[in-house]
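Residue numbers (our numbering), protein chains in the order written: chain H, 1 to 706; chain D, 1 to 219. Accompanying notes for the structure given below.
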Amino acid sequence: MAEPTRRKSEDIPVLDIENLAVAYKVRGGEVEAIQNVTLDIKKGESHGIVGESGCGKSTCAWSIINFLGANGYVKRGTIKFQGKNLVGKKGEELRRLRGDQIAMVYQDPMQSLNHSMVLGEQLKEVLTVHQGMSNKAAEKDCIRMLEKVQMPDAANVMRRFPHQISGGQQQRVVIAMALLNNPALLLMDEPTTALDVTVEAAVLDLIADLRKEFNTAIMYITHDLGVVARVSTRVGVMYAGEMVERATVEELFKSPQHPYTQGLMRCVPKLGTDRSSSILYPIPGRVPPPGGRPAGCVFWPRCDYVRKRCREERPKLRSIAGTETWVRCHFSEDIDMGSWEPPEDLVLPGTVQKKEVDETILEVKGLKKYYRVRGNSLKDVFGMGEKQYVKAVEHASFKVPRGKTLGIVGESGCGKSTLVKTIIGLERATDGEARFLGFDITNSISARDRKLIQELQMVFQNPDSTMNPSYTVGQQIARPLKRFNVMPKEKITDEVLRLLRSMRLDEKYYDRLPRQLSGGEKQRVGIARALASHPDLVLCDEPVSALDVSVQAAIINLLLEIQEEFGTTLIFISHDLSVTRFFSEYVCVMYLGQIMELGPAEEIYAPPYHPYTEALLSAVPIPDPTAKQKRVRLQGVVPSAIAPPSGCRLNTRCPRREMLPDPDICLTDPPWREVHPGHHIYCHIPLDELRKIDPVVSIKEVNHAG
Amino acid sequence: MLVKDYMSRHPFMLEEDSSIVDAQSYMSEVHVRHLPVVGDGKRLLGLITRETLMIEPGSLDSLNVWEITRYLSGMKVKKIMVKARDVITVDETAAIEDAALLMIENKIGCLPVLNGRVVVGMMTQEDLLVQLCRLLVTRRPGLRVSVSMPDKPGETKKLMACVEKQGWEIQSMGGMPDLRDDTRYSTMIKIIADVSMQDVEETINAIEGQEVRDIRETV
Numbered sequence: 001m002a003e004p005t006r007r008k009s010e011d012i013p014v015l016d017i018e019n020l021a022v023a024y025k026v027r028g029g030e031v032e033a034i035q036n037v038t039l040d041i042k043k044g045e046s047h048g049i050v051g052e053s054g055c056g057k058s059t060c061a062w063s064i065i066n067f068l069g070a071n072g073y074v075k076r077g078t079i080k081f082q083g084k085n086l087v088g089k090k091g092e093e094l095r096r097l098r099g100d101q102i103a104m105v106y107q108d109p110m111q112s113l114n115h116s117m118v119l120g121e122q123l124k125e126v127l128t129v130h131q132g133m134s135n136k137a138a139e140k141d142c143i144r145m146l147e148k149v150q151m152p153d154a155a156n157v158m159r160r161f162p163h164q165i166s167g168g169q170q171q172r173v174v175i176a177m178a179l180l181n182n183p184a185l186l187l188m189d190e191p192t193t194a195l196d197v198t199v200e201a202a203v204l205d206l207i208a209d210l211r212k213e214f215n216t217a218i219m220y221i222t223h224d225l226g227v228v229a230r231v232s233t234r235v236g237v238m239y240a241g242e243m244v245e246r247a248t249v250e251e252l253f254k255s256p257q258h259p260y261t262q263g264l265m266r267c268v269p270k271l272g273t274d275r276s277s278s279i280l281y282p283i284p285g286r287v288p289p290p291g292g293r294p295a296g297c298v299f300w301p302r303c304d305y306v307r308k309r310c311r312e313e314r315p316k317l318r319s320i321a322g323t324e325t326w327v328r329c330h331f332s333e334d335i336d337m338g339s340w341e342p343p344e345d346l347v348l349p350g351t352v353q354k355k356e357v358d359e360t361i362l363e364v365k366g367l368k369k370y371y372r373v374r375g376n377s378l379k380d381v382f383g384m385g386e387k388q389y390v391k392a393v394e395h396a397s398f399k400v401p402r403g404k405t406l407g408i409v410g411e412s413g414c415g416k417s418t419l420v421k422t423i424i425g426l427e428r429a430t431d432g433e434a435r436f437l438g439f440d441i442t443n444s445i446s447a448r449d450r451k452l453i454q455e456l457q458m459v460f461q462n463p464d465s466t467m468n469p470s471y472t473v474g475q476q477i478a479r480p481l482k483r484f485n486v487m488p489k490e491k492i493t494d495e496v497l498r499l500l501r502s503m504r505l506d507e508k509y510y511d512r513l514p515r516q517l518s519g520g521e522k523q524r525v526g527i528a529r530a531l532a533s534h535p536d537l538v539l540c541d542e543p544v545s546a547l548d549v550s551v552q553a554a555i556i557n558l559l560l561e562i563q564e565e566f567g568t569t570l571i572f573i574s575h576d577l578s579v580t581r582f583f584s585e586y587v588c589v590m591y592l593g594q595i596m597e598l599g600p601a602e603e604i605y606a607p608p609y610h611p612y613t614e615a616l617l618s619a620v621p622i623p624d625p626t627a628k629q630k631r632v633r634l635q636g637v638v639p640s641a642i643a644p645p646s647g648c649r650l651n652t653r654c655p656r657r658e659m660l661p662d663p664d665i666c667l668t669d670p671p672w673r674e675v676h677p678g679h680h681i682y683c684h685i686p687l688d689e690l691r692k693i694d695p696v697v698s699i700k701e702v703n704h705a706g
Numbered sequence: 001m002l003v004k005d006y007m008s009r010h011p012f013m014l015e016e017d018s019s020i021v022d023a024q025s026y027m028s029e030v031h032v033r034h035l036p037v038v039g040d041g042k043r044l045l046g047l048i049t050r051e052t053l054m055i056e057p058g059s060l061d062s063l064n065v066w067e068i069t070r071y072l073s074g075m076k077v078k079k080i081m082v083k084a085r086d087v088i089t090v091d092e093t094a095a096i097e098d099a100a101l102l103m104i105e106n107k108i109g110c111l112p113v114l115n116g117r118v119v120v121g122m123m124t125q126e127d128l129l130v131q132l133c134r135l136l137v138t139r140r141p142g143l144r145v146s147v148s149m150p151d152k153p154g155e156t157k158k159l160m161a162c163v164e165k166q167g168w169e170i171q172s173m174g175g176m177p178d179l180r181d182d183t184r185y186s187t188m189i190k191i192i193a194d195v196s197m198q199d200v201e202e203t204i205n206a207i208e209g210q211e212v213r214d215i216r217e218t219v
């Protein structure tokens with residue numbers, strides 16, 4: 001007998017959006033930011049919304065709580081919350097709804113918390129103001145809720161200020177705050193994007209548990225396909241303000257119907273697949289702005305299957321027979337993803353085997369970087385206190401062969417950026433050796449030879465803040481050429497144009513200002529500028545983290561191609577382990593200033609793992625809901641780098657510590673265990689024990705690339 | 001088995017300033033018969049049911065259709081709702097049988113579930129029936145056996161010992177006093193066993209004082 005639970009009233013979705021169009025009034029008319037969005041979320045369901053930036057994901061969420069600003073309004077369609085239409089609701093009723101039944105969690109927890117109030121007061125306010133609860137009862141409820149979101153030492157956290165807890169904990173507080181009123185609908189706008197993978201994994205686990213416990217309907221907005229695969233039951237894909245596909249999460253990843261969804265799948269690297277088969281195929285072009293959307297299908301300018309009908313007629317969202325999938329494409333039945341061929345003009349890197357060279361271009365031995373910090377006591381003020389140091393990098397030793405890529409991964413605060421900054425000379429090394437092409441580079445950059453500076457260049461994470469907004473693109477790229485006297489003055493313009501062309505930017509970009517470029521284009525200019533002086537070593541500090549997946553794929557391919565062409569050596573910092581796997585020959589895993597594991601990429605991603613590498617890998621969101629991933633979570637928070645744990649710095653959080661007969665041995669410095677020549681693990685646990693650990697990820701091989 | 005585990009969470013709710021015309025259409029749209037009326041922080045202010053929406057014709061000033069329309073369209077939920085102090089409610093930590101008793105004693109069809117004064121859910125007769133089904137319904141095919149036994153301690157133990165000895169798996173069970181004979185007790189068990197109905201019947205009948213009243217297959 002079937003479960004007797006289906007009742008009519010249960011079928012009413014908590015949120016039911018139909019044909020929604022939101023428009024913003026701007027100078028000279030109005031633009032429709034989103035059009036024809038239809039979706040419904042039932043009780044206890046988690047509905048993911050994915051898409052690149054500028055596709056209208058957040059606008060969709062904001063329209064629900066009428067948070068569109070003074071110039072935005074719902075132009076067409078209905079938004080029904082628990083059967084009641086919200087469009088046009090104003091004032092008191094809407095305020096009550098937002099407070100009591102709909103809650104929202106934003107991307108940056110720091111911006112949702114009041115810095116001048118202790119967390120307890122902020123949490124209690126929700127209950128005392130809305131529910132008229134007494135202060136005491138509210139305090140009790142808040143502590144209970146903090147415990148539900150797995151906050152360690154909840155009662156104490158109530159007395160702290162937001163800056164006194166870590167980012168992951170802040171986001172937990174925000175989630176706890178959102179759940180205090182037991183909302184029927186929770187809107188989450190990229191709640192984990194600003195967090196580290198390990199923290200993100202814990203928060204995602206938490207969201208899944210809470211959804212079951214509170215039976216809350218969740219709308220989960222993200223740009224990360226891996227996150228969607230982990231948290232959602234159904235997914236909607238948005239492109240240029242339209243919902244182009246809706247399906248259950250299994251269906252979407254098994255057989256994506258819309259060409260855009262397929263394109264997205266092809267441009268995210270997957271952990272687990274081996275490097276040679278995981279070539280990334282960027283989607284050509286970019287998302288059209290709301291005012292400049294093409295007639296017909298919004299995706300046709302970037303679609304590989306475009307036909308005449310696509311240009312003329314806008315497709316309707318229609319259901320695919322026999323499935324729960326809805327798609328906005330005329331020809332989705334005719335499109336077979338398996339037989340997709342990359343367009344001919346696409347240059348694919350990595351197909352040529354790199355030449356084996358033994359020359360070591362950079363050698364770092366026992367490099368240390370300490371920052372002096374001043375204490376707060378009176379003694380410290382007079383300079384008589386004990387000297388304290390933030391030990392940002394401790395005993396870093398590695399070699400980088402010419403023409404290869406070293407990936408550095410780790411959580412934020414592990415010293416990745418400091419290490420790179422020390423190498424390039426922005427920071428002075430405290431101790432240790434670093435030799436680049438045989439030259440010592442531990443001294444300050446001003447003492448370096450100009451030739452040396454020329455050979456060492458850097459690509460930064462945020463292209464916005466590293467470009468002078470009042471210089472044109474041409475001037476920015478020409479500057480290093482002039483500074484280093486790379487070539488005679490009259491040839492500089494030609495060289496800049498050549499560089500631009502190799503970045504796939506044409507001549508008209510020469511006179512543009514940074515603000516006229518998109519994020520991906522700016523990053524290309526940043527790369528062009530770093531390459532202008534023909535450096536031997538380029539240090540890339542998270543060059544793709546701030547970019548959309550399709551752009552990310554293009555930039556990664558571009559870097560690989562350049563590496564092939566110029567034989568440039570790269571050091572690539574990333575917190576994204578799938579990207580690093582795809583990109584690097586060698587990987588270095590760092591934790592709290594210490595290198596934990598170092599070796600060729602293939603070996604890092606397979607057992608034997610360092611326990612920390614294992615935890616990192618198990619936290620990576622994989623864009624495949626069928627992938628089996630072990631759940632290894634690090635407990636607690638990253639200890640302070642001023643007083644790091646003695647011995648192995650991971651010992652306070654190590655998930656594998658009990659494998660040792662005497663766990664106290666971890667308080668002493670572990671040995672460097674050599675797995676193979678070139679692959680080292682910094683751990684007390686014997687290699688034979690580590691080898692017994694199963695692989696973290698197992699993926700059924702589905703090759704979307706055809 | 002507490003109310004909070006089996007109530008309908010996030011129930012449909014009304015505001016006290018909604019018009020009764022809206023309340024009526026909302027009720028039929030979302031297919032419910034009871035709507036709690038809440039204020040700030042989902043605090044219970046009252047309850048609207050199908051009965052409260054039946055306006056007595058005697059309460060109208062005139063039977064002129066226009067007058068009636070004007071009268072009804074201006075009427076707010078707060079005027080006709082059952083006020084919070086008269087609403088029978090249940091705490092979320094109560095046992096479901098206590099909730100059922102409350103409904104039977106007061107002859108009501110629903111109970112707003114409260115945590116303090118905040119509405120956290122609704123428990124209706126239908127919810128209880130669903131739970132009854134869940135309690136007794138099985139997910140896999142098997143045999144449904146009604147056994148009559150003397151109403152004294154140790155009888156269920158005997159039956160269990162017999163079931164265990166045979167290696168049958170019990171999927172669900174429930175029991176209540178026999179309504180016609182107050183010296184006996186009826187127990188219903190659902191078992192999964194690879195035996196015929198006749199064998200089961202004989203095995204149980206062999207227990208002293210116990211008797212199979214009904215046996216059938218369930219799917």
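By construction, the Cβ of each residue, glycine as well, lies at the ideal position given by its N, Cα and C atoms.
Item	Value
Using a Cβ-Cβ cutoff of 7 Å, what residues of the segment 10–21 of chain D are near chain H? List them in chain order.	H10, F12, E15
So, helix, strand or coil for H:V352, using DSSP?	Only weak support is given to the placement of H:V352: the predicted model assigns it a pLDDT of 49, under 50, and the question is left unresolved by the model.
How do the segment 611–623 of chain H and the segment 143–154 of chain H stand: do at least 3 beta-carbon pairs fall below 8 Å, yes or no?	no
Determine, for H:D100, whether the minimum Cβ-Cβ distance to residues of chain D falls below 8 Å.	yes
Taking Cβ-Cβ distances shorter than 8 Å, what residues in chain D pair up with H:G91?	The contacting residues do not exist; H:G91 stays about 11 Å from chain D at best.
Taking only the alpha-carbon atoms, compute the straight-line gap between H:V126 and D:I48 and give it to the nearest angstrom.	27 Å
Quickly, what does DSSP pair D:G142 with across the bridge? List them, please.	D:T218
Is the shortest distance between the beta-carbon of H:V14 and the beta-carbons of chain D less than 8 Å?	yes
Output the residue ranges of the beta strand (DSSP E) runs that lie fully inside the segment 91–148 of chain D and measure 3 residues or longer, sorted by chain position.	110–115, 118–124
Tell me whether the segment 357–369 of chain H and the segment 282–295 of chain H touch, counting them as touching only if at least three CB pairs, one residue from each stretch, are closer than 8 Å.	no
For H:S520, return the contacting residues in chain D, with the cut-off set at a CB-CB distance below 7 Å.	Before going on, a small fix: residue 520 of chain H reads as Gly here, not Ser. Near H:G520 there are no residues of chain D at all, since even the closest Cβ is about 42 Å away, more than 7 Å.
CA-CA distance, H:T193 and D:E56?	58 Å
Can you tell me whether H:E359 is buried or exposed? The criterion is at least 16 other CB atoms within 10 Å of its CB, across all chains shown.	exposed
What is the rounded straight-line gap between the Cα of D:A161 and the Cα of D:S146?	17 Å
Determine the burial state of H:L185: buried for a count of at least 16 other Cβ atoms within 10 Å of its Cβ, exposed for fewer.	buried
In angstroms with no decimal places, state the Cα-to-Cα distance between H:D16 and H:R234.	14 Å
Would you mind reading off the limits of the alpha helix (DSSP H) that contains H:I423?	416–424
Could you tell me the alpha carbon to alpha carbon distance between H:R302 and H:F331, rounded to whole angstroms?	15 Å
Please list, in chain order, all residues of the same chain as H:L537 whose beta carbon is under 8 Å from its beta carbon, the five residues on each side excluded.	I361, L362, V400, F436, E455, L456, Q457, T568, T569, L570, I571
Does D:V113 come within less than 8 Å of chain H when only Cβ atoms are used?	no
Candidates H:P608, H:C55, H:A154, H:D669: which alpha carbon is nearest H:V696's?	H:P608
Determine, for D:Y6, whether the minimum Cβ-Cβ distance to residues of chain B falls below 8 Å.	The chain labelled as chain B is not found among the protein chains of the depicted structure, namely H and D.
Thinking C-beta only, is D:Q171 closer than 8 Å to D:Y6?	no
What does a CB cutoff of less than 7 Å around H:G83 pick up in its chain, not counting 5 residues either side in sequence?	I12
Assuming H:L660 contacts H:H680 under a Cβ cut-off of 8 Å, what Cβ separation, rounded to an integer in Å, is found between them?	Wrong, their Cβ atoms sit about 19 Å apart, outside the cutoff.
Quick check: the Cα distance between H:S545 and D:M81, rounded to an integer number of angstroms?	56 Å
Can you tell me where the alpha helix (DSSP H) with H:F582 in it begins and where it stops?	577–583
Report yes or no: do three or more beta-carbon pairs, one from the segment 459–474 of chain H and one from the segment 436–447 of chain H, lie closer than 8 Å?	no
Would D:D40 pass as an interface residue toward chain H - the criterion being a Cβ-Cβ separation below 8 Å?	yes
Would you call D:N106 buried or exposed, if buried means 16 or more other Cβ atoms sit within 10 Å of its Cβ?	exposed
Please list, in chain order, the chain H residues whose beta carbon lies closer than 8 Å to that of D:R43.	Q131, G132
By the DSSP assignment, the beta strand (DSSP E) with H:G120 in it spans what residues?	Note, H:G120: premise wrong, no beta strand (DSSP E); alpha helix (DSSP H) at 119–131.
At a cut of 8 Å, does the segment 296–312 of chain H reach the segment 255–274 of chain H through at least three beta carbon pairs?	yes
Determine whether the Cβ of D:M142 lies closer than 8 Å to any Cβ atom of chain H.	The sequence given here places Gly at residue 142 of chain D; Met does not occur at that position. Chain H contact via Cβ: absent.
Please list the residues of the segment 175–195 of chain H that have a C-beta atom closer than 9 Å to any C-beta atom in chain D, keeping them in chain order.	N181, N182, P183, A184, L185
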